[in-house]
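**Student:**
In full-length UniProt numbering, the protein residues as written are 1 to 372.
(1) Going by beta carbon distance, what residues of the same chain come within less than 6 Å of residue 252, once the five residues before and after it are set aside?
(2) For residue 102, does the count of other Cβ atoms within 10 angstroms reach 16, so buried, or fall short, so exposed?
(3) Give a yes or no on whether the C-beta atoms belonging to residue 237 and residue 254 are separated by under 8 Å.
(4) Please name the residue in 321, 202 and 315 whose C-alpha comes closest to that of residue 65.
(5) Go through the segment 286-314 residue by residue and report every complete run of the beta strand (DSSP E) that reaches 3 residues or more, in order.
(6) Expressed to the nearest angstrom, what Euclidean distance is found between the alpha-carbon atoms of residue 271 and residue 247?
(7) Can you tell me whether residue 129 is buried or exposed, with buried defined as 16 or more other CB within 10 angstroms of its CB?
(8) Within the same chain, show all residues whose beta-carbon is closer than 8 Å to that of residue 111, passing over the 5 residues directly before and after it, in chain order.
(9) Tell me the DSSP bridge mates of residue 202?
(10) For residue 334, does the three-state DSSP call read helix, strand or coil?
(11) So residue 212 and residue 191 are supposed to be a Cβ contact under 8 Å. How far apart are they, rounded?
(12) Determine the direct distance from the alpha carbon of residue 323 to that of residue 32, and round the result to whole angstroms.
(13) Based on DSSP bridge pairs, tell me the residues matched to residue 339.
(14) How many Å lie between residue 296 and residue 115 at the Cα?
(15) Take residue 86 and list the residues in its own chain whose beta-carbon comes closer than 7 Å to its own, dropping the five residues that flank it on each side.
(16) Along the alpha helix (DSSP H) that carries residue 71, what are the first and last residues, could you check?
(17) Below 7 Å CB to CB, which residues in the same chain sit around residue 339 once its five sequence neighbours on both sides are set aside?
(18) Residue 173 by DSSP, collapsed to three states: which one?
(19) Using only the alpha-carbon positions, how far apart do residue 106 and residue 245 sit?
(20) Quickly, what does DSSP pair residue 114 with across the bridge? List them, please.
(21) Pop quiz: residue 181 and residue 194 are said to be a contact at Cβ under 8 Å. What is the actual Cβ separation, rounded to whole angstroms?
(22) For residue 259, which of 183, 91, 274 and 231 has the nearest alpha-carbon?
(23) Which term fits residue 82, buried or exposed, when burial requires 16 or more other beta carbons within 10 angstroms of its beta carbon?
(24) State the CB to CB distance for the pair residue 203 and residue 226, rounded to an integer number of angstroms; the pair is presumed to be in contact (CB under 8 Å).
(25) Which value, in whole angstroms, describes the spacing of the CA atoms of residue 293 and residue 84?
(26) Could you check what DSSP says for residue 191 in three-state terms: helix, strand or coil?
(27) Do residue 92 and residue 45 come within 8 Å of each other at the CB atom, strictly closer than that value?
(28) Report the rounded CA-to-CA distance for residue 98 versus residue 69, giving the unit in angstroms.
(29) Apart from the five residues just before and just after residue 173, which ones in its own chain have a Cβ nearer than 7 Å to its Cβ?
(30) Indicate, with yes or no, if the ligand SAM has a heavy atom lying under 7 Å from the CB of residue 49.
(31) Check residue 237 in the structure and name its three-state DSSP category.
(32) Using a 10 Å radius around the Cβ and a threshold of 16 neighbouring Cβ atoms, would you call residue 188 buried or exposed?
(33) Can you list, in chain order, the residues of its chain whose CB lies under 7 Å from that of residue 263, leaving out five sequence neighbours each side?
(34) For residue 328, is the classification buried or exposed, using 16 other Cβ atoms within 10 angstroms of its Cβ as the cut-off for buried?
Shown next, in the form of structure tokens:
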């Protein structure tokens, strides 16, 4: 594109609502001529791409703490309510839904920009780090219908459906792939069920769930190829215990590979505060403290998530990353904890779940006459 060429919108199908303004802004584009070519800093683009994805993950993580925006309106205005209250509930709930949709779109936009930067960097991987980037490379990175950059590796730059189509051509081994077609679940014993799924090339996946009273639950996933040979196998064992004296529940999840070796575990410890009604009949158990620990195959803690509720009803949620290192000289083990997320939620007020008398009864002469 030179300074004498008219501006052409690269995004076909879009309607320019302000053509006059666009013409004025792009009428004199001599600044495109004679300048130095755009330099591509590969490492800088990769770092930029990583930061974009980090921001996407941050938005996703923080959005989880905003679930109250959708649940609280329903709790605040439930039962028999005035029309104005129902309208307020609908408006607040609708606003929350739009806000979550905005956050999801924002996260997707950050992801797309990051992946585009990564794609441009990959396009010039085989060339000099100071190669000039063409406009087509940038447009291709954003999914435009332009020629594929010559330097882009063949395995990069495919859409999700293109990748899915290629995966269908290969033998299916990933137990979590979206290509599996789930079948029915059959009861094969008093404590065991089996769900069988089929792959596109005659593969078979069996999910065997075994539940034993007092022994927890074990879920074993086995993948067979078309020749009935095992290509993948793993299992997860979950146990749940509850201590009536301390009102504490412990849920432990341990993962194993095909040879039965541990690959990681999660331990969730939840302490409940028991509150009885004045007549001693109703018992409510509210979470007062919860600790979730994630461990690697060696048993070292890698991540923790803590939820605590103080006496004023303020909830604090905190996530930490735990790094374990060993000094080469002294052999001393050092544990470093880094806070990655923290959210404080104020006390939740108690709303009225329902009414014993219809609101209209207060204004109904017949009801007043009958009830006195």
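Cβ coordinates follow ideal geometry from the N, Cα and C atoms, glycine included. Note that the coordinates shown come from a computational prediction; the quantities given were computed from them, not determined experimentally.
**Tutor:** Let me spell this out:
(1) 239 and 267
(2) Exposed.
(3) Residue 254 sits close to residue 237, with the two beta carbons spaced by under 8 Å.
(4) 315
(5) 301-309
(6) 6 Å
(7) The predicted model places residue 129 with a pLDDT of 39, which falls under 50 and marks its position as unreliable; any figure quoted below should be read in that light. Exposed, by the Cβ-count rule.
(8) 52, 53 and 56
(9) Partner residues in a beta bridge of residue 202, as assigned by DSSP, do not exist.
(10) strand
(11) 6 Å
(12) Any reading at residue 32 needs caution, since the residue's pLDDT is 47, under 50, leaving its predicted position unreliable; the model's value is listed next. Near 50 Å, if we compare the C-alpha coordinates of residue 323 and residue 32.
(13) 320
(14) 29 Å
(15) 77
(16) 68-76
(17) 318 and 320
(18) coil
(19) 47 Å
(20) DSSP output for residue 114 lists no bridge partner at all.
(21) Not really, about 16 Å apart at Cβ, beyond 8 Å.
(22) 231
(23) exposed
(24) The Cβ separation is near 6 Å, so the contact holds.
(25) 46 Å
(26) coil
(27) No, they are not a contact pair.
(28) Roughly 11 Å between the two C-alpha positions.
(29) 223, 231 and 232
(30) Ligands displayed in this structure: none; no statement on the ligand SAM is therefore possible.
(31) strand
(32) exposed
(33) 255, 256, 257 and 297
(34) The residue is exposed, with fewer than 16 neighbouring Cβ atoms inside 10 Å.
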